[in-house]
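**Q** Numbering (this note's numbering), first residue to last: 3 to 414. Think of the CB as a built atom: it goes at the ideal place given N, C-alpha and C, for glycine as much as any other residue. Please see the structure below; I have some questions.
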């Protein structure tokens, strides 16, 4: 008997209705918040009806349309564990979400975490038989410092956290995470469902190398108040899990005597890092830019020669993608998902985590050779093109349409 031809996949609705839930959203400064905002605004720019439920940055509930996205800000309180993190207050939220879902009738709900907002929205979606897509940005290691978990307890606490994660997201119709390594991590931790790797993506129009005839790096550094020296940079939170001490210790170990480290970001470790730089004798060669508005970040990358990242709990690293799109070589810790972005000797190097000597060795090689920097930077840009956020938007449109179609076929 001849095989029946396979059915053509259904085309996405011309205008999807998507309700996104997250516990972190701008003005929060972190990769998950930036990804969620870029996803929501990108979908809205394509003509879809996009709503985001998230915590209020000042405690007061509100609703407003921002960049084409309707933001439903929930009443919130301080998390008590981090000065910039706020948590939505659960009382009254389930009823609010029920009313919102009845009014919107979304094709899909997309949760970005399994904490307060994510759990409440998943429960509301189940009550109203709306399919749930979930994206994981979570690793227990990124919370241990904030929750003051002692080193001896991190193993068992981590296992409990992963079991809770599996229970919370078991009912999602489709689960994604940014990289194959991050997807395999979930499976290794006992998550019982398939997990798809979908890159967080990068806006290649915003982040790109300086054009021919553009401002020289010396002028870009002057705009940031930096000396005109060989520069390696890090962009991100100055918190314990980012292991920025490795970067500071590498400064005096490079063979480039005047190399400087530029740190763009804020966090609880800034004071300790300033003291470490003084102890290492490189206080004048470690520059703290503090908070840099998102719109100004391209300038930071273009002012640098190399991007460095020492974290060992990165599920993808949007900052590394931004640096690559900006045409920078990368020296990264050989851990978690960073090897997906850095190919040894092609666009940079992977160093042994916790070894500033190994890090300094690779930095020295790159900083000593303008030709090598140019070659590796071009490779970084080409590799970043595979992560164009328009491709990520394409995939999420398809996922929403598919889960909506399956839900409709089941009578959802």
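Opposite residue 263 in the DSSP bridges: which residues?
**A** 234, 288
**Q** With H, G and I counted as helix, E and B as strand and the rest as coil, what does DSSP make of residue 373?
**A** In the structure shown, residue 373 sits in a helix (DSSP, three-state: H, G or I).
**Q** For residue 346, does the three-state DSSP call read helix, strand or coil?
**A** strand
**Q** Select from 297, 260, 75, 122 the residue whose C-alpha is nearest the C-alpha of residue 60.
**A** Ranked by Cα distance from residue 60, the first of 297, 260, 75, 122 is 75.
**Q** Is the separation between the beta-carbon of residue 312 and that of residue 246 shorter than 8 angstroms?
**A** Yes, Cβ-Cβ distance for residue 312 and residue 246 is below 8 angstroms.
**Q** Over what stretch of residues does the beta strand (DSSP E) that includes residue 257 continue unbroken?
**A** No beta strand (DSSP E) holds residue 257; DSSP gives it neither H nor E.
**Q** Keeping to the same chain, check which residues put their C-beta closer than 6 angstroms to that of residue 12; ignore five residues upstream and five downstream.
**A** Because residue 12 sits at a pLDDT of 48, beneath the cut-off of 50, its placement in the model cannot be relied upon, and the following sentence gives the value as read from the coordinates. Here the set comprises 407.
**Q** Please say whether residue 161 and residue 146 have beta carbons closer to each other than 8 angstroms?
**A** no
**Q** Residue 389 by DSSP, collapsed to three states: which one?
**A** helix
**Q** What is the rounded straight-line gap between the Cα of residue 64 and the Cα of residue 242?
**A** 33 angstroms
**Q** To the nearest whole angstrom, what separates the beta carbons of residue 330 and residue 379, a pair I think is in contact under 8 angstroms?
**A** 6 angstroms
**Q** Beta-carbon separation of residue 300 and residue 208 under 8 angstroms?
**A** yes
**Q** Buried or exposed: which applies to residue 79, given that a residue is buried once 16 or more other Cβ atoms fall within 10 Å of its Cβ?
**A** exposed
**Q** Going by beta-carbon coordinates alone, are residue 179 and residue 197 separated by less than 8 angstroms?
**A** yes
**Q** Could you pull out every unbroken beta strand (DSSP E) segment of at least 3 residues lying fully inside the segment 35–99, listed in chain order?
**A** 51–57, 64–68, 71–76, 78–80, 88–90
**Q** Which parts of the segment 286–324 are runs of the alpha helix (DSSP H), unbroken and 4 residues or longer, counting only runs that do not cross its ends?
**A** 299–304
**Q** For residue 198, list the residues DSSP reports as bridge partners.
**A** 178
**Q** Output needed for residue 19: all residues of its chain with C-beta closer than 7 angstroms, excluding positions within five of it in sequence on either side, in chain order.
**A** 51, 106, 107, 108, 109
**Q** Residue 290 to residue 250, Cα distance in whole Å?
**A** 11 angstroms
**Q** CA-CA distance, residue 260 and residue 354?
**A** 24 angstroms
**Q** I'd like to know if the segment 37–51 and the segment 384–402 are in contact, where contact means that at least 3 CB-CB pairs between them fall below 8 angstroms.
**A** yes
**Q** For residue 134, does the three-state DSSP call read helix, strand or coil?
**A** strand
**Q** What did DSSP end up calling residue 409 once you bin it into helix, strand or coil?
**A** The three-state reading of DSSP puts residue 409 in helix, counting H, G and I together.
**Q** Please determine if the segment 266–278 and the segment 231–240 are in contact, where contact requires at least 3 C-beta pairs separated by less than 8 angstroms.
**A** yes
**Q** Taking a contact to mean a Cβ-Cβ separation below 8 angstroms, would you say residue 177 touches residue 138 in this structure?
**A** A contact, by the Cβ cut-off of 8 angstroms.
**Q** If we count the other Cβ atoms within 10 Å of its Cβ and call it buried at 16 or more, is residue 257 buried or exposed?
**A** exposed
**Q** I need the boundaries of the alpha helix (DSSP H) containing residue 161, first residue and last residue.
**A** 156–171
**Q** Check whether the Cβ atoms of residue 282 and residue 308 sit closer than 8 angstroms, and answer yes or no.
**A** Against a cut-off of 8 angstroms, the Cβ pair of residue 308 and residue 282 comes out as no contact.
**Q** Which value, in whole angstroms, describes the spacing of the CA atoms of residue 391 and residue 29?
**A** 20 angstroms
**Q** Measure the C-alpha to C-alpha separation of residue 292 and residue 363 and round it to an integer number of angstroms.
**A** 27 angstroms
**Q** Could you round the C-beta distance between residue 420 and residue 125 to whole angstroms and report it? I think they count as a contact, below 8 angstroms.
**A** Residue coverage of the chain in this structure runs from 3 to 414, which leaves residue 420 outside it and unanswerable.
**Q** In its own chain, which residues sit with a C-beta less than 7 angstroms from the C-beta of residue 134, not counting the 5 before and 5 after it?
**A** 111, 113, 124, 127, 173, 174, 175
**Q** Tell me which same chain residues have a C-beta within less than 7 angstroms of the C-beta of residue 244, skipping the five on either side of it?
**A** 238, 312, 313
**Q** Would you decide whether residue 149 is buried or exposed? Buried here means 16 or more other CB atoms lie within 10 Å of its CB.
**A** exposed
**Q** Does DSSP put residue 8 in a helix, in a strand, or in coil?
**A** With a pLDDT of 36 at residue 8, under the threshold of 50, the modelled position of that residue is not reliable, and no figure is offered here.
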